[in-house]
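*Asks:*
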Amino acid sequence: MDERFNITVRGCDLYYGDLHALKNINIDIEEHAVTALIGPSGCGKSTFIRMLNRMNDLVDDCRITGEIKIGEQDIYAKGTDVTMLRKNVGMVFQKPNPFPMSVYDNVAFAPRTFGIRRKRELDGIVEHSLRRAGLWDEARDRLRKNALDLSGGQQQRLCIARALAADPKILLMDEPTSALDPISTGIIEELIDELELDYTIVIVTHNMQQAARISHKTAFFLLGEIVEYGRTEDIFTNPKDKRTENYITGRFG
Amino acid sequence: MRGIFLFCAVFSILALGCICVFLLANGLPFIGKVGLGNFFGTKWDIHNGDYGILSMIVASLYVTALSMIFGVSLGLLTAVSLYKFCPRRAVAPIRQMVNLLAGIPSVIYGLFGLIIIVPFLRDYISPNGVGYGILATSLVLSVMVLPTIVGVSLDALNAVPKNYYEGALALGATKEQGVFKVMLPAAKSGIMAAVVLSIGRAIGETMAVIMVIGGSPAMPTSLFQSVRTLTANIAMGATELSGDPMTALVATGVVLFFFALLLNASFSLLKGGEKRENKRASKANS
Amino acid sequence: MKTSAHQRQILKYAAYKLAAQAALAMTLIALIAVIIFILVRGIPHINMQLLFGDYTSRAPSLKPALVGTLYLIVIALSIAAPIGIGSAIFLSEYTNSKSRLIRIVRVAVETLAGIPSIVYGVFGYVVFVVTLGFGYSLIGGGITLAIMILPVIVRSTEESLLAVPRSLREGSFALGSSKVRTTFAVVLPCAASGMVTSLILAVGRVVSESAVLILTIGMAVRVIPQNVTSAGTSLALNVYYFGSHGYPEQAAATGVVLLVLVVAINIIATVLGKVFGKGELADG
Numbered sequence: 006m007d008e009r010f011n012i013t014v015r016g017c018d019l020y021y022g023d024l025h026a027l028k029n030i031n032i033d034i035e036e037h038a039v040t041a042l043i044g045p046s047g048c049g050k051s052t053f054i055r056m057l058n059r060m061n062d063l064v065d066d067c068r069i070t071g072e073i074k075i076g077e078q079d080i081y082a083k084g085t086d087v088t089m090l091r092k093n094v095g096m097v098f099q100k101p102n103p104f105p106m107s108v109y110d111n112v113a114f115a116p117r118t119f120g121i122r123r124k125r126e127l128d129g130i131v132e133h134s135l136r137r138a139g140l141w142d143e144a145r146d147r148l149r150k151n152a153l154d155l156s157g158g159q160q161q162r163l164c165i166a167r168a169l170a171a172d173p174k175i176l177l178m179d180e181p182t183s184a185l186d187p188i189s190t191g192i193i194e195e196l197i198d199e200l201e202l203d204y205t206i207v208i209v210t211h212n213m214q215q216a217a218r219i220s221h222k223t224a225f226f227l228l229g230e231i232v233e234y235g236r237t238e239d240i241f242t243n244p245k246d247k248r249t250e251n252y253i254t255g256r257f258g
Numbered sequence: 002m003r004g005i006f007l008f009c010a011v012f013s014i015l016a017l018g019c020i021c022v023f024l025l026a027n028g029l030p031f032i033g034k035v036g037l038g039n040f041f042g043t044k045w046d047i048h049n050g051d052y053g054i055l056s057m058i059v060a061s062l063y064v065t066a067l068s069m070i071f072g073v074s075l076g077l078l079t080a081v082s083l084y085k086f087c088p089r090r091a092v093a094p095i096r097q098m099v100n101l102l103a104g105i106p107s108v109i110y111g112l113f114g115l116i117i118i119v120p121f122l123r124d125y126i127s128p129n130g131v132g133y134g135i136l137a138t139s140l141v142l143s144v145m146v147l148p149t150i151v152g153v154s155l156d157a158l159n160a161v162p163k164n165y166y167e168g169a170l171a172l173g174a175t176k177e178q179g180v181f182k183v184m185l186p187a188a189k190s191g192i193m194a195a196v197v198l199s200i201g202r203a204i205g206e207t208m209a210v211i212m213v214i215g216g217s218p219a220m221p222t223s224l225f226q227s228v229r230t231l232t233a234n235i236a237m238g239a240t241e242l243s244g245d246p247m248t249a250l251v252a253t254g255v256v257l258f259f260f261a262l263l264l265n266a267s268f269s270l271l272k273g274g275e276k277r278e279n280k281r282a283s284k285a286n287s
Numbered sequence: 052m053k054t055s056a057h058q059r060q061i062l063k064y065a066a067y068k069l070a071a072q073a074a075l076a077m078t079l080i081a082l083i084a085v086i087i088f089i090l091v092r093g094i095p096h097i098n099m100q101l102l103f104g105d106y107t108s109r110a111p112s113l114k115p116a117l118v119g120t121l122y123l124i125v126i127a128l129s130i131a132a133p134i135g136i137g138s139a140i141f142l143s144e145y146t147n148s149k150s151r152l153i154r155i156v157r158v159a160v161e162t163l164a165g166i167p168s169i170v171y172g173v174f175g176y177v178v179f180v181v182t183l184g185f186g187y188s189l190i191g192g193g194i195t196l197a198i199m200i201l202p203v204i205v206r207s208t209e210e211s212l213l214a215v216p217r218s219l220r221e222g223s224f225a226l227g228s229s230k231v232r233t234t235f236a237v238v239l240p241c242a243a244s245g246m247v248t249s250l251i252l253a254v255g256r257v258v259s260e261s262a263v264l265i266l267t268i269g270m271a272v273r274v275i276p277q278n279v280t281s282a283g284t285s286l287a288l289n290v291y292y293f294g295s296h297g298y299p300e301q302a303a304a305t306g307v308v309l310l311v312l313v314v315a316i317n318i319i320a321t322v323l324g325k326v327f328g329k330g331e332l333a334d335g
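Just so you know, the protein sequences line up as chains B, R and E, in that order. When the letters of the first sequence are read in order and numbered with my numbering, they come out as residues 6 to 258. When the letters of the second sequence are read in order and numbered with my numbering, they come out as residues 2 to 287. When the letters of the third sequence are read in order and numbered with my numbering, they come out as residues 52 to 335.
(1) In terms of residues, what are the limits of the alpha helix (DSSP H) holding B:F104?
(2) In the region 98–127 of chain R, which residue ranges form an unbroken alpha helix (DSSP H) of at least 4 residues, counting only runs that do not cross its ends?
(3) Could you name the residues of the same chain whose beta carbon sits closer than 6 Å to that of R:S127, not counting the 5 residues immediately before and after it, in chain order?
(4) Under a Cβ-count criterion, where at least 16 other Cβ atoms within 10 Å of its own Cβ denotes burial, should B:R167 be classed as buried or exposed?
(5) According to DSSP, is E:L142 part of a helix, a strand, or is it coil?
(6) So with Cβ pairs under 8 Å, would you call R:A282 a contact of chain B?
(7) Closest Cβ-Cβ distance between B:I75 and chain E: below 8 Å?
(8) Please list the partners that B:K92 has in chain R, where partner means a Cβ-to-Cβ separation under 7 Å.
(9) Taking only runs that begin and end inside the region 17–83 of chain R, name each unbroken alpha helix (DSSP H) of 4 or more residues, in chain order.
(10) So is E:V274 in contact with chain R if we call contact Cβ pairs under 8 Å?
(11) Between which two residues does the beta strand (DSSP E) holding E:N289 run?
(12) CA-CA distance, E:V322 and E:I251?
(13) Anything in chain R within Cβ reach of E:I169, meaning under 8 Å, just list it in chain order.
(14) Out of R:G28, R:S56 and R:I70, state which residue places its alpha-carbon closest to the alpha-carbon of R:M220.
(15) Which one of E:R92, E:V158 and E:I97 has the shortest CA to CA distance from R:A10?
(16) Within the continuous alpha helix (DSSP H) that includes E:R86, where are the two ends?
(17) So the alpha helix (DSSP H) B:E194 belongs to, where does it begin and stop?
(18) Could you please give me the residues that DSSP links to B:M96 through a beta bridge?
(19) Is it buried or exposed for R:R229, if we count other Cβ within 10 angstroms and need 16 for buried?
(20) Check whether the Cβ of R:N164 lies closer than 8 Å to any Cβ atom in chain B.
(21) Between the region 124–134 of chain E and the region 288–298 of chain E, are three or more C-beta pairs nearer than 8 Å?
(22) Can you list, in chain order, the residues of its chain with a C-beta nearer than 6 Å to that of B:R68? Leave out the 5 residues immediately preceding and following it.
(23) What first and last residue would you give for the beta strand (DSSP E) that runs through B:N151?
(24) In the region 95–124 of chain B, which residues sit with their C-beta less than 9 Å from some C-beta in chain E, listed in chain order?
(25) With 8 Å as the limit, tell me which residues of the region 107–123 of chain E have their beta carbon closer than that to any beta carbon of chain R; keep them in chain order.
(26) If we count the other Cβ atoms within 10 Å of its Cβ and call it buried at 16 or more, is R:V34 buried or exposed?
(27) Per DSSP, R:G215 is paired with what?
(28) Using a Cβ-Cβ distance under 8 Å, would R:P30 count as near chain E?
(29) Taking the alpha-carbon positions, what's the B:Y204 to B:E36 distance?
(30) DSSP has B:V131 in a bridge; who is on the other side?
(31) What span of residues does the beta strand (DSSP E) with B:G235 cover, start to end?
(32) Anything in chain B within Cβ reach of E:K53, meaning under 9 Å, just list it in chain order.
(33) What are the residues of the region 70–84 of chain E that lie near chain R, defined by any Cβ-Cβ distance shorter than 9 Å?
(34) If you reduce the DSSP assignment to three classes, tell me which class B:H25 lands in.
(35) Would a check of beta-carbon distances place R:M193 closer than 8 Å to chain E?
(36) If you reduce the DSSP assignment to three classes, tell me which class R:K272 lands in.
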């Protein structure tokens with residue numbers, strides 16, 4: 006496996022109908038690191054990460070120009086297999102969205118989708134994914150229970166496990182802790198720290214302490230543009246742009 | 002004023018009470034008189050005092066089951082298609098048309114069966130030259146229940162939180178996999194409610210049935226054989242019978258009433274279940 | 052890259068999708084076929100004699116059925132409309148939804164809605180034909196129909212009442228209006244369109260219904276009913292009568308008349324709902 010999973014975005018614009026939602030985005034996202042995207046609501050962070058696994062395809066009047074590459078592959082090139090792209094690029098949503106089925110079936114969903122049928126193999130994947138998401142000890146006795154009976158924090162870890170079961174290389178997280186209590190948030194932040202070694206993680210967050218705590222690099226979005234991108238320490242201690250400074254010191258946002 | 006409104010509201014309860022009392026008061030003594038064994042026996046011969054309705058119960062269940070097999074499979078797939086696999090602009094007009102068709106009188110469907118389906122079956126399909134019977138009735142009923150199944154299942158699908166679909170696609174599922182593996186199972190109880198509602202329609206349907214069923218009180222053994230359902234028994238006898246045989250029809254009505262109550266109860270349970278599930282899901286998702 | 056098992060999964064579900072699209076096509080064809088065949092078979096046989104002539108065995112007419120249907124609409128609606136609307140007012144204006152009485156009323160309404168019409172027919176037969184000794188009569192059939200359409204009116208009227216914003220009621224109370232005055236002067240006018248729509252749909256139910264009538268009004272296809280205690284027939288009942296008594300052409304023609312009537316009623320209800328609906332939006 007010498008495939009690389011860094012993300013390169015060059016001159017990217019995104020339109021919803023007439024709305025110019027992302028403007029001339031250029032960014033290099035590193036492998037095996039956590040990259041945080043911060044910025045006020047509606048500035049295009051979520052739109053940006055939904056571009057990376059082509060979830061924006063679901064929006065009817067969405068138009069994208071420019072180049073987005075994962076490794077060497079242009080993901081918007083003609084003939085790109087979107088399902089394989091999404092298999093490689095997992096996503097965790099803002100609100101936990103476990104399917105209304107058992108814990109086991111949730112985690113086994115992606116492997117089954119990709120044609121894995123043997124029970125032993127599925128059992129292995131489910132256990133491994135739940136362990137990686139730190140949910141195994143809590144969930145091992147309730148694998149057959151409905152996933153909606155889990156607590157909010159557990160549901161979100163289940164969604165992470167579910168994403169990991171697809172064996173992705175990149176993990177996109179869209180404000181994964183914004184709907185959770187502080188304890189669950191802490192657990193998930195620790196989890197992200199561990200996953201960093203094996204996955205390229207892009208996380209959108211509203212919480213600047215969170216960005217500072219967990220990320221290696223940070224990009225500051227404002228009104229559809231990337232105002233500043235760099236090492237997290239630099240962004241938070243020594244921002245180059247006045248707007249970044251205003252935002253992280255809480256003058257607006 | 003409040004008293005008047007209160008009376009109006011209580012009227013429904015009174016009406017339901019009256020229906021129960023009158024049906025039971027007239028039907029149960031009759032069943033008692035002829036005996037349970039006679040009434041639920043297989044022989045219906047009013048000239049000899051045999052009032053067995055078993056063959057009609059079987060026929061009712063038979064046509065209902067068959068029409069559900071045709072109607073549910075077709076209707077459910079149609080709903081799925083309207084949900085995601087159909088040009089966006091066509092959905093609203095089709096939906097409206099289906100609603101309109103739900104309001105078409107049952108005699109019209111019966112007439113369609115009588116002048117189109119029965120002759121067709123008689124001439125081209127039936128091995129014994131009989132067009133009337135279970136197959137003709139089931140076909141008419143499955144067309145009749147289509148609007149109900151399509152409408153209620155589509156509502157159930159639309160009530161499923163959209164983020165399940167997104168979640169499935171984000172895991173690399175195709176559009177089809179997302180719909181069939183996630184959305185459809187999630188709409189399960191709403192779809193079951195649609196089925197129960199349609200079973201009620203089919204088992205209670207009278208006019209469309211009597212026009213195509215034939216009407217012989219025989220135990221069903223073939224798809225092309227004149228038989229009689231519970232509803233047909235009542236309607237066909239109604240214009241001709243009097244005295245004890247007429248009371249036998251009332252007793253048949255009691256049996257049908259119990260079927261209806263049973264289906265009503267299961268429908269409310271399922272509907273309640275659907276609401277609870279979607280509420281739980283949206284609570285979990287907020 | 053994709054494994055072959057993965058490929059098979061994708062193909063399997065793509066096949067399901069094709070099946071769904073085929074089902075949609077079949078459903079549409081089946082339902083449209085019903086309409087088309089009735090129209091094709093029936094339209095050539097519609098004529099003045101059938102519609103308005105005097106009934107003879109050789110040339111049957113719908114005149115008795117048209118009169119009978121009109122009687123039934125008037126009887127059923129004049130009973131079910133006030134009771135249904137009154138009931139809906141009580142449910143939405145006079146109680147909180149948790150009261151036990153309301154729950155029982157709701158269960159009763161739901162249950163009434165789920166009873167097959169032939170069972171209503173048996174009930175009507177037992178009460179009006181036998182117990183009260185009316186014999187077959189339009190009044191007996193009409194009252195039975197009234198009970199049958201009651202749930203339709205209660206439910207849709209209640210819905211339109213609940214859709215009236217709370218603030219309007221509060222505004223009226225704040226001006227010192229009584230509950231009754233608020234209900235009649237503020238709430239009901241706002242909900243008028245919904246109520247009218249529900250009544251029109253109830254008329255549609257009356258026109259479509261036949262199983263109730265076969266047991267209560269006597270299917271007297273020949274004579275024009277003189278008053279509400281006469282036996283009678285209705286359009287829908289005549290479709291059955293003609294169909295099963297050797298008049299297939301007249302049956303199809305009657306079917307066309309009935310079809311046109313029911314579709315017209317439904318369209319009027321929809322259009323009225325939309326027109327009034329917009330008006331309300333503009334006001335509120």
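For every residue, glycine included, the Cβ atom is placed at its ideal position computed from N, Cα and C. None of these values were measured; they are calculated from a predicted model.
*Replies:* Judging by the given coordinates:
(1) Taken as a continuous stretch (DSSP letters only), B:F104 belongs to no alpha helix (DSSP H), as it is neither H nor E.
(2) 107–113
(3) F225
(4) buried
(5) helix
(6) yes
(7) no
(8) G173
(9) 37–40
(10) no
(11) Not the beta strand (DSSP E): E:N289 falls in the alpha helix (DSSP H), residues L286 to S295.
(12) 11 Å
(13) G205, T207, T232, I235, A236, G254 and L257
(14) R:S56
(15) E:V158
(16) Note that residue 86 of chain E is Ile in the sequence shown, not Arg. Looking at the DSSP string, the run of the alpha helix (DSSP H) that includes E:I86 is S55 to G93.
(17) P187 to L200
(18) B:L177
(19) buried
(20) yes
(21) no
(22) Y20
(23) Counting along the chain, B:N151 falls outside any beta strand (DSSP E), and DSSP gives it neither H nor E.
(24) R117, T118, F119, G120, I121 and R122
(25) none
(26) Position check: residue 34 of chain R holds Lys in this sequence, whereas Val was assumed. That one is exposed.
(27) R:V228
(28) no
(29) 7 Å
(30) None; B:V131 has no bridge partner.
(31) E230 to R236
(32) D86, T88, M89, F119 and G120
(33) A70, A71, Q72, A73, A74, L75, A76, M77, T78, L79, A81, L82, I83 and A84
(34) strand
(35) no
(36) helix
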